[in-house]
Amino acid sequence: MSHRIVVVGNGMVGHRFLADLASHRLDDVEVTVLGEEGHAAYNRILLPDVILGRADLPGLTLPESRGVRMLRARKATGIDRRNRTVVDATGEEHPFDTLVLATGADPVFPTVDGVVRADGTPMPGVAALRTWDDADRVRAAAVEGSRMVVMGGGVLGIEAAVALAEAGSAVTIVHRGSAPLDRQFDPASGAVVRAGLADRGITTLVDVRVAGVERRRDGALTSVRLTNDRHIPADMLLVAIGVRPRTRLAEAADIWVRNGILVSDTCRTDDPAIYAIGDCARTPRGCPGLVGPGWEQARVLAHHLAEKISGRSGPRPVLGADAGVFRVKAEGLDAVTMGEFPVDAFAPGAPRVLSLTDPVGRRRVRVAVADGLLVGATCVGDPQVAADLTVAFDSRTPVPDDPAALLARPLAGAAPAMSVVDLPDAAVVCRCNAVTKAAITDAVKAGADTPEAVASATRASTGCGSCTSDVCSLVAALGAAGSPRTSLERVTVA
């Protein structure tokens, strides 16, 4: 009898789980997917590109796995743990031997006057940027001269604000912290980011919150009211203040939940037949809220289930630490941070911390060095230095005797900075999917002579898209017979 797997959720993590499971080539497995949205799985990371008209749904759509029963617009409404079934909104029951919850997270909206209805859904003129429908609605509102207020100065808020400004909107960011990106960057780096936003015509208001909104008699939004009594003219309020794991289905089934569905290192819940991955799951390392850790969970779970179903065993992947490289993906705004910095740089034995601040040049670089290695770095406004620091961090390359050399580009006339073609084979080119230069090189040698073919073979450039130009450069340099196309358009093959 076939092993029946039901997956609830068809987002980026659920989709990756299906692909990883298929790679194990299991026999006698039946997979059913219940997707709440009416669309196929798509790349949510690139939703800000929708605002600019650079991406449409077909371009973001991810290919479906073969041999999977895919049910769209089928919201799961209940889990019967005793009888091992999931029921959907149509009343159909789906029996399972293994259930995978990949329900994701919902955007958090402030509970202030005029923003949300009694049921928690946003009122007209208020939006998030979580789904394709959200992005399409924001795109329609972001016409030339429109007035947009973005609530939240985190990564999504910054990326959306830059896209809105490029679309011709007048944009104001309202952030409760002392500087944008203050959860990932130090205050001085955040100040440089704020200045860079101002250069793009984006106003950033800090240490203040949204208190409510004002509307015309017809319900149209006219302004956003702040806690300091200031009113900001607005046609739309875009909320980007975080997400909340979607755990209602699990809670109703008495599965353990605490700020996320509690899971083990194999992503198993307290029920041995039920697993959870992605934004809805809380692993022993917490809820990162990023797609990279979710993809890692998908890989670990696919391997675990493959062993469980087939009886085969081998080296087991494990969930890693989350202190990797974090990058803001906004046009013309370069900001990256990686690793960790000491809480007290003056404490005995603490890593050595050095920094360079160039307010006029909109540049800030900060590094932490311990035992001759780079253990932490932040870089704003200097993409080449950021690339060099990322390589040094990933490859654990010994740093110069004087770490101050890490803070700036070489002087004019010095050797040019290392290009992706000159990187060591072990260097990671696509961080989203942990694809090394060697893997891309092998794919090109095996016949993948276009960026799209490399993406299909390795998944490189199919996440945030920031490595697309590097992938194109490698394809061009490694060149197979005939000149490979080097389109710089982002690809979404997975």
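Under this note's numbering, the first residue of the sequence shown is numbered 8, with each subsequent residue one higher.
Every residue, glycine too, gets a C-beta built ideally from N, C-alpha and C.
Same chain, Cβ closer than 6 Å to Q191, five either side skipped, listed in chain order: Cβ neighbours of Q191 beyond the five flanking positions: F333 and T344.
Can you check whether the CB of V398 is closer than 8 Å to the CB of L361? No, these two residues do not count as a Cβ contact at 8 Å.
is_contact[L67, chain C] using C-beta, thresh 8 Å: Among the chains of the structure shown, chain C does not appear; only one protein chain is present.
Measuring CA to CA, which of R371, V115 and V376 is closest to T385? When R371, V115 and V376 are compared, the shortest CA-CA separation from T385 is found for R371.
Taking L297 as part of the beta strand (DSSP E), name the residues at either end of that continuous run. No beta strand (DSSP E) holds L297; DSSP gives it neither H nor E.
Using the Cα positions of D409 and A393, report the straight-line distance between them to the nearest angstrom. Approximately 18 Å between the Cα atoms of the pair.
Own chain, CB closer than 8 Å to D341, minus 5 neighbours either side, in chain order: Apart from sequence neighbours up to five positions away, the residues of its chain that approach D341 with a beta-carbon distance below 8 Å are V335, C386, V387, G388, D389, P390 and A393, ordered along the chain.
Taking 8 Å as the cut-off, does the region 274-281 touch the region 250-265 (at least 3 CB pairs, one atom from each stretch)? With contact defined as three or more Cβ pairs closer than 8 Å, the region 250-265 and the region 274-281 are in contact.
Anticipated Cβ contact below 8 Å, L228 with M155, distance rounded: The beta-carbon distance between L228 and M155, rounded to whole angstroms, is 10 Å. This is too long to meet the 8 Å contact definition.
What does the alpha-carbon distance come out to for the pair T211 and H238? Our two residues, T211 and H238, have alpha carbons roughly 14 Å apart in a direct line.
Does the region 212-227 come within contact of the region 33-49, defined as at least 3 CB pairs closer than 8 Å? The way I'd put it, the region 212-227 doesn't touch the region 33-49; fewer than three beta-carbon pairs between them come closer than 8 Å.
With 16 other CB atoms within 10 Å as the buried threshold, where does K452 fall? Exposed: under 16 other Cβ atoms inside 10 Å.
In the structure shown, what three-state DSSP assignment does L171 receive? Three-state result, L171: helix.
Which ranges does the beta strand (DSSP E) cover as unbroken runs of at least 3 residues, wholly within the region 335-378, from first to last along the chain? If we require 3 residues or more, the beta strand (DSSP E) runs fully inside the region 335-378 come out as 340-346, 359-365 and 370-377.
Looking at the strands, I want to know which residues DSSP matches up with G85. Per DSSP, V94.
Identify whether V398 lies in helix, strand or coil by the three-state DSSP scheme. Helix.
When DSSP labels each residue in this structure, what does P102 get in the three-state scheme? If DSSP states are grouped into helix, strand and coil, P102 belongs with the strands.
Nonlocal neighbours in the same chain, by C-beta distance under 7 Å from R306, ignoring five residues either side: D27 and P324, listed in sequence order.
Beta-carbon separation of A433 and A415 under 8 Å? Contact: no.
Using DSSP bridges, identify the partner residues of G219. According to DSSP, G219 bridges with D120 and R232.
Leaving out five residues on either side along the sequence, give the residues of the same chain with a beta carbon under 6 Å from the beta carbon of V133. The answer, listed in chain order, is V122 and L244.
How about A174 and I58: are their beta carbons less than 8 Å apart? Yes; because the gap between Cβ atoms is below 8 Å, this pair is in contact.
Under 7 Å Cβ to Cβ from V250, same chain only, skipping five residues before and after it: list those, please. Correct list, in chain order: A112, D113, P114, V115, D286 and G296.
Let me know if G21 comes out buried or exposed under the rule of 16 or more other beta-carbons within 10 Å of its beta-carbon. The residue is buried, with at least 16 neighbouring Cβ atoms inside 10 Å.
Would you mind working out which of P358, S230, I209 and R207 sits nearest A218, comparing C-alpha positions? For the set P358, S230, I209 and R207, the Cα lying nearest the Cα of A218 is the one of S230.
Assuming L78 and L41 form a contact by the criterion Cβ under 8 Å, report the distance between their Cβ atoms to the nearest whole angstrom. Yes, they are in contact, since the Cβ atoms of L78 and L41 sit about 5 Å apart, within 8 Å.
Is A83 closer than 8 Å to R75 when the C-beta atoms are compared? A small correction: the amino acid at residue 75 is Val; Arg does not occupy that position in the sequence shown. No Cβ-Cβ contact shorter than 8 Å links V75 with A83.
Going by alpha carbons, who is nearest to D140 out of G267, V406 and E43? Nearest C-alpha to D140: E43.
Contact check, E37 vs S72 under 8 Å by CB: the rounded distance? The C-beta separation of E37 from S72 comes to about 13 Å, leaving the pair out of contact by the 8 Å criterion.
Nearest-angstrom Cα separation, counted from G331 out to V304: Note that residue 304 corresponds to Gln in the displayed sequence, not to Val. When rounded, the distance between both Cα atoms is 15 Å.
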